[in-house]
């Protein structure tokens with residue numbers, strides 16, 4: 002198996018609920034740390050969303066492995082950030098049998 006080339010620095014963020022004072026909540030994002038990754042595009046499509054078109058692109062993002070439950074291990078519903086780009090994680094699986102790397106399946110949406 003070819004070793005992944007972890008050459009992109011991504012912030013791992015998790016959703017945090019903050020009370021809005023009126024019985025509801027607002028969602029904010031908390032940075033858990035920085036991971037080096039290999040970002041590989043998969044497929045893309047464009048859809049109409051109201052008056053603007055939205056580009057949907059899926060990615061495979063490979064990072065170093067971490068045991069279940071560790072904060073360094075990405076999970077679904079978290080996201081990666083690279084500057085203004087945001088990649089929403091939809092699933093995470095071991096990349097290799099030894100668990101040295103993880104493959105995160107993620108989506109990016111961009112208004113076009």
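Residue numbers (the working numbering): 2 to 113. The C-beta atom is built at its ideal place from N, Cα and C for all residues, glycine as well. Predicted model only: the values in this text are computed from it and were never measured.
What residue does the beta strand (DSSP E) around residue 8 start on, and which one ends it?
Unbroken run through residue 8: none, as it is neither H nor E.
What residue from 110, 54, 101 and 85 has the CA that sits closest to residue 68's CA?
101
Tell me residue 57's beta-bridge partners as DSSP assigns them.
46 and 110
Within a Cβ cutoff of 6 Å, which residues of the same chain sit near residue 110, ignoring the five residues on either side of it in sequence?
Hits under 6 Å: 55 and 57.
Please go through the same chain and pick out, in chain order, the residues whose beta-carbon is closer than 7 Å to the beta-carbon of residue 21, but skip the five residues on each side of it.
27
Going by other Cβ atoms of all chains shown within 10 Å of its Cβ, with 16 needed for buried, is residue 41 buried or exposed?
exposed
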